[in-house]
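J.: Residue numbers for the sequence shown, in mature numbering (1 follows the signal peptide of the UniProt record, and there is no 0): -26 to -1, 1 to 258. Where is the CB? At the ideal position from N, CA and C, for every residue including glycine. Here the structure is a predicted model, which means the values were calculated and not measured.
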Amino acid sequence: MRHRPPVRLLAGALLIGGPLAGVAQAATWSDTFIGYRYGTQFTEPSNPRDVEKHVLQFTHASGYALGQNFLNVDLLQSDRADPTEAGGDTGATEAYLTYRHQLHYGKLFGAALAFGPVEEVALSGGVDLNTKNTEFAPRKRMLLAGPTLKFNVPRGFVDLSLFYAHEWNHCGASFCNVDEIEFAPYYQLNLAWGLPFEAGTLPLKFQGFYNYNGEKGDDYQGNATKPEQLMRTSLMLDVGKLAWGEENQLWAGVGYEYWRNKFGNHGKPGVDTDAPTFQLEWHF
């Protein structure tokens, strides 16, 4: 059984994301980097083994006359503990794309919508897409939209968003009752932050995001999903500034991935993750 995204929701997401095409011409600021993450304690649902993963990352963030854009693409390579097929000896490869766009109230109407610690309010929207060459063969398609509160901090940013999310996915495994599924709409609470600071002479930044996803109905086997939590965070050192005086070029540090009820799964191995990571970023 196949389901198509509602036309209104899809059209709204495309309208919100439309300004991406003009960012290169109208950008007021931008930051782009290639990153690398490595860890040995990742997990996958129904898999009792720890998974080693190498993650290559491309990230772009930029501002323009009406708001800002964020694009991230992760290419994740697992070891044999997460095989391409049941009983296989080759680790799976996954690609995951995230895009978010913000329209800022103040840039649209000439004066920021500020109150208390909030310096601006934005309308945000975006899409998540993924594919992975396992027996399960997921093909996630998620659209979301909602308000974002942008907090006034001395340096960096702190954003808190409440999204209405709608997700579609695929299951190619024999144990699934359906191969195409449309999950029930759910709410996502998203907190994102990037905070530079100094510890003595050391230039550092604390960055990351936290998502709380509500229940999204039944899964591929008719089991009820449960709320899901995902946090990725890292503490990074500006190595380039210390080594050769070039600020915001090469960063290195440590991170942590916290995941509970991964993809809404529960009561089975591999649905909870506590994975320390080593991380690098090359900005250009």
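With distances taken from CA atoms, which of P91, T64, L50 and Q42 is nearest H75?
T.: Here the closest residue by C-alpha is Q42.
J.: Does the region 120 to 128 come into contact with the region 101 to 110, if we say contact requires no fewer than three beta-carbon pairs (one atom in each stretch) closer than 8 angstroms?
T.: Taking 8 angstroms as the limit for Cβ pairs, the verdict is that the region 101 to 110 does not touch the region 120 to 128.
J.: Taking just the CA atoms, how far does L216 sit from E172?
T.: Straight-line Cα distance between these residues: approximately 12 angstroms.
J.: Spatial neighbours of A198 within its chain, please: C-beta separation below 8 angstroms, excluding the five flanking residues on both sides.
T.: Excluding sequence neighbours, A198 sits near E189, G191 and D192.
J.: Exposed or buried, what is V25 when buried is set at 16 or more other beta-carbons lying within 10 Å of its beta-carbon?
T.: Buried, by the Cβ-count rule.
J.: Going by beta carbon distance, what residues of the same chain come within less than 6 angstroms of G253, once the five residues before and after it are set aside?
T.: Correcting the residue identity first, residue 253 is Gln in this sequence and not Gly. Excluding sequence neighbours, Q253 sits near R11, S208, G227 and G229.
J.: Kindly list the residues whose CB is nearer than 6 angstroms to the CB of S52, restricted to its own chain and excluding five residues on each side of it in sequence; keep chain order.
T.: Answer for S52: V25, K27, G65 and A66, listed in chain order.
J.: Count the other CB atoms, across all protein chains shown, that sit within 10 Å of the CB of D5; report buried if there are 16 or more and exposed otherwise.
T.: Exposed, since its Cβ has fewer than 16 Cβ neighbours within 10 Å.
J.: Quick one: using the 10 Å Cβ neighbour count with 16 as the cut-off for buried, is S20 buried or exposed?
T.: That one is exposed.
J.: Under a three-way DSSP split, which group does G238 fall into?
T.: Looking at G238 - three-state DSSP - the assignment turns out to be helix.
J.: Could you confirm whether any beta carbon from chain C is found closer than 8 angstroms to the beta carbon of L117?
T.: The structure shown contains no chain C; it holds only a single protein chain.
J.: What span of residues does the alpha helix (DSSP H) with G84 cover, start to end?
T.: That residue, G84, is in no alpha helix (DSSP H); it is neither H nor E in DSSP.
J.: Could you check which residue in N187, R129, T108 and D133 has the C-alpha nearest to that of S148?
T.: Residue T108 is the option with its Cα nearest to S148.
J.: For the candidate residues G80, L204, R54 and H240, whose alpha-carbon lies nearest to that of Y232?
T.: If we check each option's Cα against that of Y232, L204 comes out closest.
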